[in-house]
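**Student:** To convert, take the position in the sequence shown, counting from 1, and add 31; that gives the numbering used here.
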Amino acid sequence: MQTSFTLAQLADPHVAESEKILRKCVHCGFCTATCPTYVTLGNELDSPRGRIYLIKDMLENGRPADKEVVTHIDRCLSCLACMTTCPSGVNYMHLVDHARVHIENTYKRPLPDRMIRALLAAVLPYPGRFRAALKLARLGRPFARLFEAVGPLRPLAAMLRLAPTSIPQTSAKASPAVYPAAAGARRGRVAILTGCAQPVLDPGINEAAISLLTRLGVEVVLPQGEGCCGALVHHMGREEQALASARQNVDAWMREIESGGLDAIIITASGCGTTIKDYGFMLRLDPAYAQKAAKISALAKDITEYLATLELPEPAQKPGLTVAYHSACSMQHGQKIKRQPKELLARAGFLVKEPREGHLCCGSAGTYNIMQPEISAQLRDRKVKNIEATGADIIATGNIGCITQIASAAKLPIVHTVELLDWAYGGSKPAGVPEGRAMEAAE
């Protein structure tokens, strides 16, 4: 793609980076076939190619974002299926991230939209606030239909409907601590990202990860000072808040590296993993953090990515369940992790089935199921239909957002992949897994 940025514009490193990305696009349109919004809506401007044209025009002309650009960029899930498909290596993720920041800085959204976005940014990244908000949401649920009738307030209705009917107790394994390897020689030392929404919605995920890793001889540390990875606000264009979260986590993990050493930083939510692996890019212009952030990104591993490097024993039991594996977009497209989760589940005694259209997003995408509830619901229903067609007993995935989204419509129970692995290797059976299906691994 030809560009016509001025030298003055290219002096801005963010514009210069986007210009390099734009030049790689050859307009081939392969991306349209795998873009969930284009497949759903059929509008070229709701495809990666269409959005690239809109972003190019906006940045080249140095103008503020307008309503049309905002509409189509807001509809983007940042699922990154286009990056998996693109033969030219266009880094759409960094381009659309830049566009979101430009929109945030130059476009005045309607007041209800601004208020809802500010609320999400002030609540979701903070577990204490998020827990309190979920309790309030239970009281507000009867008003969901009323909010739905008022267009600008539909995101509030979506929030109320997504809120769980019950909130798990805070895990004892959510505070800074060190969990030593259970027995034998220590095989490694890792930090686990506690996260923000996940420990509130499903604390059993990190509990299962700690249980499994320590049983396998890995020391696990939950460092003092780590917090939200910044993904939620990053995808809303709130750059300074996102970078502040990144710096906070870099500092927390660097202290641990310098004091006790770390072999990896384990992430159990793939959406967080994609962002943390991008810290090196996000903080590349900060001389105080660029090198440290790159080191952290290199150490970041999804839990299944790390488990695949260990020499695993035979499972304590082979559960004998058929699992429909949903590969989260942030896992398969964002981190290019496709093989490890399925191989680990199969080795642990599960029969793994992959649903049709596995490349398509379930519609969760951070806050997308709140801000774009209609499109999100269409994608969710399409995903659930394909999953249930597998005839599986249970659904497994590696991202809390997908778990929440799919659970809101699926008849099958859904759990995190690591919960099934922990169970197979001697841990507790995850809540919701069908009873009486486990078989002793005698063979």
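Cβ coordinates follow ideal geometry from the N, Cα and C atoms, glycine included.
Can you tell me the Cα-Cα spacing of Val354 and Gly458, whole angstroms?
**Tutor:** Cα to Cα, the separation comes out at about 18 Å.
**Student:** With distance defined between alpha-carbon atoms, name the residue in Asn280, Ala408 and Ile334 nearest to Ala325.
**Tutor:** Nearest option by C-alpha distance: Asn280.
**Student:** Under a three-way DSSP split, which group does His125 fall into?
**Tutor:** His125: helix per DSSP, three-state reduction.
**Student:** Quick one: using the 10 Å Cβ neighbour count with 16 as the cut-off for buried, is Pro67 buried or exposed?
**Tutor:** Buried is the call here.
**Student:** Let me confirm a value: Lys139 is counted as buried when at least 16 other C-beta atoms fall within 10 Å, else exposed. Which label applies?
**Tutor:** Burial call: exposed.
**Student:** Using only CA atoms, which one of Phe61, His58, Gly93 and Asn417 lies nearest to Leu38?
**Tutor:** Out of Phe61, His58, Gly93 and Asn417, Gly93 has the C-alpha closest to the C-alpha of Leu38.
**Student:** With a threshold of 6 Å on Cβ separation, who are the neighbours of Ile83 within its own chain once the five nearest residues in sequence on each side are excluded?
**Tutor:** Taken in chain order, the residues that qualify are Cys56.
**Student:** Going straight from the alpha carbon of Ala216 to that of Leu451, what length do you get?
**Tutor:** So the two alpha carbons sit approximately 25 Å from each other.
**Student:** As an exercise, report each continuous alpha helix (DSSP H) stretch of at least 4 residues that is fully enclosed by the region 306-366, in chain order.
**Tutor:** With a minimum length of 4 residues, the continuous alpha helix (DSSP H) runs that stay inside the region 306-366 are 310-313, 321-330 and 334-338.
**Student:** Among the residues of its own chain, which have a CB less than 6 Å from the CB of His447, if the five just before and after it don't count?
**Tutor:** Closer than 6 Å at the Cβ level, and outside the excluded window around His447, lie Ile236.
**Student:** Report the three-state DSSP secondary structure of Leu382 (helix, strand or coil).
**Tutor:** Note: Leu382 maps to strand in three-state DSSP.
**Student:** Rounding to the nearest angstrom, what Cα-Cα distance links His45 and Cys260 in this structure?
**Tutor:** Their backbone Cα atoms lie some 21 Å apart in a straight line.
**Student:** Helix, strand or coil for Tyr157 per DSSP?
**Tutor:** Tyr157 falls in the coil class under three-state DSSP.
**Student:** Any idea if Glu471 is buried or exposed, counting beta-carbon neighbours within 10 angstroms, 16 or more meaning buried?
**Tutor:** Because the pLDDT at Glu471 is just 45, under 50, the model does not fix this residue reliably, and the value given afterwards should be weighed accordingly. So Glu471 counts as exposed.
**Student:** CA-CA distance, Pro118 and Ala275?
**Tutor:** For Pro118 and Ala275, the distance between alpha carbons rounds to 34 Å.
**Student:** What residues match up with Ala208 in a beta bridge as DSSP calls it?
**Tutor:** Partner(s): Leu253.
**Student:** Let me know if Pro386 comes out buried or exposed under the rule of 16 or more other beta-carbons within 10 Å of its beta-carbon.
**Tutor:** Answer is buried; the Cβ neighbour count reaches 16.
**Student:** How many Å lie between Thr34 and Ala163 at the Cα?
**Tutor:** So the alpha carbons of these two residues sit roughly 49 Å apart.
**Student:** According to DSSP, is Arg220 helix, strand or coil?
**Tutor:** The answer is strand: DSSP assigns Arg220 an E or B state.
**Student:** Given a threshold of 16 other Cβ atoms within 10 Å of its Cβ, counted over all protein chains shown, does Ala189 qualify as buried or as exposed?
**Tutor:** Ala189 is buried by the Cβ-count criterion.
**Student:** Checking the sheet assignment: what are the DSSP bridge partners for Val46?
**Tutor:** According to DSSP, Val46 bridges with nothing at all.
**Student:** I want to know whether the region 282-292 touches the region 416-423 - three or more CB-CB distances under 8 Å.
**Tutor:** Taking 8 Å as the limit for Cβ pairs, the verdict is that the region 416-423 does not touch the region 282-292.
**Student:** Is the beta carbon of Ala213 less than 8 Å from the beta carbon of Arg246?
**Tutor:** The answer is yes: Cβ separation under 8 Å.
**Student:** Can you say whether Gly380 is buried or exposed, counting buried as having 16 or more other CB atoms within 10 angstroms of its CB?
**Tutor:** With 16 or more Cβ atoms within 10 Å of its Cβ, Gly380 is classed as buried.
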